[in-house]
Amino acid sequence: MKKKVAFVCVHNSCRSQMAEGWAKKLGSHVLEVYSAGTEDYPEVKPGAVQVMEEAGVDMSEHSPKLLTDIPEEVDYLITMGCNVVCPFVPCSHSEDWGLEDPSGGPTEGFRNTRDLIKAKVEDFIKRVENNEI
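Quick note on numbering: the sequence shown equals residues 1 to 133 in the UniProt record's numbering.
Encoded structure:
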């Protein structure tokens with residue numbers, strides 16, 4: 001049975017969307033993937049969509065979601081480094097990845113964040129597959 005993971009940040013417009021994209025592409029065999037934000041936001045950041053497309057991950061149909069749009073309980077909750085306290089989401093494991101938000105910066109910042117997130121998602125998938133978490 002697949003494990004539910006939710007990637008959460010403030011607006012669900014950049015980092016958590018990238019994490020969702022990578023996790024769906026690389027871990028769909030073991031994960032049921034969600035992402036959400038704590039505040040409403042109108043769109044996924046175009047810079048995030050662009051750099052993920054460069055890496056072969058299509059996020060053109062993604063849109064920001066709120067915590068109320070995802071399951072009430074997940075196996076894993078991963079926050080992106082929101083600098084805010086995320087609301088309680090029942091889970092068996094949580095961790096914060098402490099990633100800087102590249103929004104408003106150059107495209108290279110989005111690429112660096114994309115690559116950091118990919119490495120973290122790959123490590124996370126490996127830990128799930130090996131029942132380490």
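Built from N, CA and C at the ideal position, the CB exists for glycine as well.
**OP:** Compute the Euclidean distance between the alpha carbons of E20 and S35, then round it to the nearest angstrom.
**Re:** 6 Å
Original post:
CA-CA distance, G81 and S28?
Top reply: Answer to the nearest angstrom: the Cα atoms are 24 Å apart.
Subject >> Whole-angstrom C-beta distance between V74 and A6, which should lie under 8 Å >> reply: 5 Å
Subject >> Best match in M1, E72 and L66 for proximity to S13 [C-alpha to C-alpha] >> reply: L66
Subject >> Sequence-distant residues of the same chain with beta carbon closer than 6 Å to I133, five excluded per side >> reply: H93 and R127
Subject >> Spatially closest choice to F110 from A119, E72, P46 and V30, by CA coordinates >> reply: P46
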